[in-house]
Every structure is written in structure tokens, then in C-alpha cells.
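Here is the structure we will look at, set down as C-alpha cells.
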Amino acid sequence: MNRLLHKRLLIPLIAVVIFFGGTAFKSEFFEIAKQIEIFTTVFKELNMNYVDETNPGDLMDTAIKSMLNDLDPYTNYYNEQDVEASRINNSGDYTGIGANVLTLKDKLVIVEPYKGYAADKAGLKAGDEIIKVDNVVVADFKDDAGNLLQGGAGSEVTVTYVRQGKTKTATIKREAVEINAVPHFSMIDDETGYIVLRKFTRKASSETTSAVRALKNQGAKQLILDLRGNPGGLLTEAVNVTNIFVPKNQLVVTTKSKVKKYNKTYYTQKDPVDTEIPVVVLIDGRSASASEIVSGA
């Protein structure tokens with residue numbers, strides 16, 4: 036009798052949970068659909084009836100990025116140009132003038148001309164402010180003006196720049212540029228090796244491994260890994276760099292998502308180079324993302 040009563044109570048309870056759970060899901064779905072319909076109507080009316088000419092792509096890009104600005108600094112939208120820029124940053128290879136360039140509101144600033152590449156040969160220096168690329172005034176260019184510096188290998192680009200109040204012009208021949216993830220490593224004394232890891236590109240772990248082995252061959256008994264100013268990059272490369280000093284099958288980092296199936300756990304997968312050598316990791320306020328993973332491992 037008690038078992039029968041228990042079943043009679045349990046079945047309606049399950050039904051109520053399913054009903055309210057389903058109702059909540061339908062309500063949320065309806066609200067999303069409603070807001071999409073409102074946005075679609077406004078977007079269409081603007082592009083069809085606004086008094087001046089509009090660019091649908093630019094409007095959509097602005098709308099999405101403005102929406103994400105209300106969330107957190109780490110939720111971003113990548114348009115086609117952003118995806119290509121990310122691909123270049125992560126691969127470490129591109130065709131251009133051979134310089135790290137910062138895009139500001141009305142100018143491009145040379146952060147670092149890569150030694151031996153076109154910008155360096157043309158005499159550009161860190162701090163130079165590019166105000167014009169060919170016939171395009173940077174201040175009037177709506178998109179990322181840094182894209183103006185890229186082009187086919189062998190093609191030329193003329194840049195007008197300001198250095199210490201003086202305006203200068205340089206014509207630069209674009210070329211294939213390979214950015215080293217590890218631009219420098221050396222022995223700083225008889226027993227200490229020093230490695231600079233600029234960014235976690237696809238080459239980060241292989242170049243760091245080569246640097247570690249070379250320094251050990253030179254007699255290094257301890258290492259300094261400099262990640263200052265390293266903004267991060269590929270998470271998998273952070274795991275691989277950690278793997279240089281950490282044994283195989285060790286947990287490095289776990290990512291968690293609102294949707295459980297996207298939760299991931301990353302383990303070291305290879306035999307390490309050296310698990311005994313002392314390593315000091317240098318970081319600063321600009322060390323982020325993958326740099327934080329390695330420094331905390």
C-alpha cells in the first residue's frame with residue numbers, strides 16, 4: 036500500500052517538474068526569438084530608409100561589438116578581418132613590412148620593427164607615428180589601418196610618418212615575415228640560461244624546447260623564462276610549453292563552460308625535456324592568458 040501511494044505521489048511530482056522545466060525553456064526561447072525579430076526589423080528599416088547611405092556590414096559589426104561591451108572584457112566577436120589577423124598572430128607568418136604596429140584612433144604607431152626586415156631596413160624605429168599609407172590618410176580610414184601595410188610579397192607601400200615632430204616618408208617593399216616566438220635566448224652567466232618567449236604561437240613550444248636544449252648543451256643548470264609583456268595565444272601551446280618541464284599525463288588546466296559538453300581538461304602528452312632543472316618565470320602586468328597558465332603550472 037505504501038509503495039503504491041509512493042508511486043502515485045512520485046509520478047505527479049515528476050510531471051510537475053517536467054512541465055515547469057519545459058515552460059521555462061519555452062519562455063526563454065520565445066524571448067530570444069522576440070528580440071531577434073525586433074532587431075531584424077530595426078536593422079532592415081535602417082538600411083532601407085535611413086536618409087544617408089549605410090553599410091550593412093559595418094552596422095552589424097558595430098551592433099554586435101556594442102552588445103558584447105555590456106558583458107565582460109573577454110567576450111569578443113571576430114569578423115572576417117579579425118579572424119585573419121588572429122590566424123596571422125597564431126601562425127607567426129605573414130606578408131608585410133615586418134613590424135609590430137599598434138593601431139590608435141588616428142594613427143599607426145610602430146611598436147617594434149623586426150630586425151633585418153623591410154621596416155628596419157627602411158629606417159623605421161619604435162615610436163614612429165604613421166599618419167598616411169600610400170594615398171590613404173590613417174585618420175580617415177574606418178577599418179583597422181594596420182591592414183593597409185599588408186600585401187603581396189614584393190609589392191611596395193609608401194608610408195608617411197612623424198618622428199619627434201618631423202614628418203618623413205619611406206617606401207617599403209613588402210616581404211614574407213616570420214615572427215619568432217622565442218626571439219632571444221642566451222647564457223647570462225656560467226650556469227644560467229635566459230629565454231624570452233614573446234607569444235604563444237604554433238611555434239612556441241618547439242622554439243622553447245630548442246632553446247632549452249641548446250642552453251643545457253652550453254652548461255645551463257638553471258633557467259629564466261621571460262614572459263613579461265607576453266599577451267598569451269594558443270592554450271594548447273601553453274600546455275606544450277609546460278610539458279617541457281612537467282611529466283607526461285599531468286593535469287595542466289581545465290576550462291569550464293555553461294554548456295557541460297564544452298568543458299575540457301588539458302593534460303601533458305609528451306615526455307618532458309627536463310623535470311629537475313630549476314626554472315624562474317618572469318611575468319608583469321601585461322602577461323596574460325597562456326602566460327598565466329605557464330607561470331602557475
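With my numbering, the residue at position 137 of the sequence shown is 172, and numbering never jumps.
Virtual Cβ for every residue (Gly too), placed ideally from N, Cα, C.
Fair warning: this is a prediction, and the values are worked out from it, not measured in the lab.
Would Val-212 and Lys-203 qualify as a contact pair, given that the criterion is a beta-carbon distance under 9 Å?
Start at 1 with the first residue of the sequence shown, and residue 212 comes out as number 177. Start at 1 with the first residue of the sequence shown, and residue 203 comes out as number 168. The answer is no: Cβ separation not under 9 Å.
DSSP three-state call for Gly-331: helix, strand or coil?
Indexing the sequence shown from 1 puts residue 331 at position 296. Gly-331 falls in the helix class under three-state DSSP.
Hey, would you say Asn-360 sits closer than 9 Å to Ser-221, going by beta carbons?
The question about residue 360 has no answer here: the residues shown for the chain are numbered 36 through 332.
What distance in whole Å lies between the Cβ atoms of Lys-208 and Gly-189, which are believed to be in contact at a cut-off of 8 Å?
In the sequence shown, counting from the first residue as 1, residue 189 sits at position 154. In the sequence shown, counting from the first residue as 1, residue 208 sits at position 173. Confirmed, Cβ separation roughly 7 Å.
Looking at the structure shown, is Lys-234 part of a helix, part of a strand, or coil, going by DSSP?
Walking along the sequence shown from the start, residue 234 turns up at place 199. DSSP places Lys-234 in coil when its eight states are reduced to three.
Starting from Leu-260, trace the beta strand (DSSP E) in both directions and tell me its first and last residue.
Residue 260 sits at position 225 when you count from the first residue of the sequence shown. Element bounds for Leu-260: 257-261.
Taking its Cβ as the centre, do 16 or more other Cβ atoms sit within 10 Å of Ile-279, making it buried, or is it exposed?
Numbered from its first residue, the sequence shown carries residue 279 at position 244. Label assigned to Ile-279: buried.
Given this structure, state the Cα-to-Cα distance separating Thr-75 from Glu-66, to the nearest angstrom.
By one-based count along the sequence shown, residue 75 stands at place 40. By one-based count along the sequence shown, residue 66 stands at place 31. Each residue's Cα considered, the two are about 14 Å apart.
Straight-line gap, Thr-138 to Glu-164 (C-alpha atoms, nearest Å)
Working through the sequence shown from its first residue, we reach residue 138 at position 103. Working through the sequence shown from its first residue, we reach residue 164 at position 129. So the alpha carbons of these two residues sit roughly 10 Å apart.
Output yes or no for whether 9 Å exceeds the beta carbon distance between Leu-258 and Pro-313.
Here the question's residue 258 lines up with position 223 in the sequence shown. Here the question's residue 313 lines up with position 278 in the sequence shown. Yes, these two residues count as a Cβ contact at 9 Å.
Can you give the beta carbon distance from Val-247 to Asp-309, rounded, assuming they're within the 8 Å contact cut?
The residue labelled residue 247 in the question sits at position 212 within the sequence shown. The residue labelled residue 309 in the question sits at position 274 within the sequence shown. Going by Cβ atoms, the distance from Val-247 to Asp-309 rounds to 7 Å, so yes, they are a contact pair.
With burial defined as no fewer than 16 other Cβ atoms inside 10 Å of the residue's Cβ, what is the status of Tyr-112: buried or exposed?
One-based indexing of the sequence shown puts residue 112 at position 77. Classification of Tyr-112: exposed, given that the 10 Å Cβ count is below 16.
For Pro-282, count neighbouring C-beta atoms within 10 Å of its own C-beta (all shown protein chains included) and say buried if the count is 16 or more, exposed if not.
Against the sequence shown, residue 282 aligns to sequence position 247. The residue is exposed, with fewer than 16 neighbouring Cβ atoms inside 10 Å.
In DSSP terms, what Ala-211 is bridged to:
The residue given as residue 211 occupies position 176 in the sequence shown. Answer is Thr-130.
Simplified DSSP state of Leu-159, which is helix, strand or coil:
Here residue 159 is taken as the residue at index 124 of the sequence shown, counted from 1. Residue state, collapsed to three classes: coil.
State the start and end residues of the unbroken alpha helix (DSSP H) segment that holds Ser-221.
Within the sequence shown, numbered from 1, the residue matching residue 221 stands at position 186. From DSSP, Ser-221 is part of no alpha helix (DSSP H) but of the beta strand (DSSP E) over 219-222.
Three-state secondary structure assigned by DSSP to Val-192
Residue mapping note: residue 192 aligns to position 157 of the sequence shown, counting from 1. Val-192 falls in the strand class under three-state DSSP.
Quick check on the burial criterion: 16 or more other C-beta atoms within 10 angstroms. Buried or exposed for Leu-106?
As a working mapping, residue 106 is identified with position 71 in the sequence shown. The residue is exposed, with fewer than 16 neighbouring Cβ atoms inside 10 Å.
Compute the Euclidean distance between the alpha carbons of Asp-175 and Glu-147, then round it to the nearest angstrom.
Looking up residue 175 in the sequence shown gives position 140. Looking up residue 147 in the sequence shown gives position 112. Distance between the alpha carbons of Asp-175 and Glu-147: 24 Å.
Assuming contact is defined by CB atoms lying nearer than 9 Å, are Gly-267 and Ala-332 in contact in what I supplied?
As a working mapping, residue 267 is identified with position 232 in the sequence shown. As a working mapping, residue 332 is identified with position 297 in the sequence shown. No.
Residues that Gln-167 bridges to, as DSSP identifies them
Within the sequence shown, numbered from 1, the residue matching residue 167 stands at position 132. Contrary to the premise, residue 167 reads as Lys rather than Gln in this sequence. Answer is Val-172, Thr-195, bridged to Lys-167.
Three-state class that DSSP yields for Lys-201 in the structure shown:
Taking the first residue of the sequence shown as 1, we reach residue 201 at position 166. Strand, per DSSP.
Relative to the C-alpha of Asp-261, which residue among Val-276, Gly-254, Lys-251, Thr-271 is closest?
As a first step, residue 261 is located in the sequence shown; it is residue number 226 there, counting from the start. That would be Val-276, whose Cα lies nearest to the Cα of Asp-261.
Please go through the same chain and pick out, in chain order, the residues whose beta-carbon is closer than 7 Å to the beta-carbon of Val-316, but skip the five residues on each side of it.
To locate residue 316, count along the sequence shown from 1; it is residue 281. The answer, listed in chain order, is Leu-260, Leu-262, Val-329, Ser-330.
Can Gly-151 and Gly-133 be called in contact, C-beta distance under 9 Å?
On the sequence shown, residue 151 is found 116 positions in, with the first residue counted as 1. On the sequence shown, residue 133 is found 98 positions in, with the first residue counted as 1. Contact: yes.
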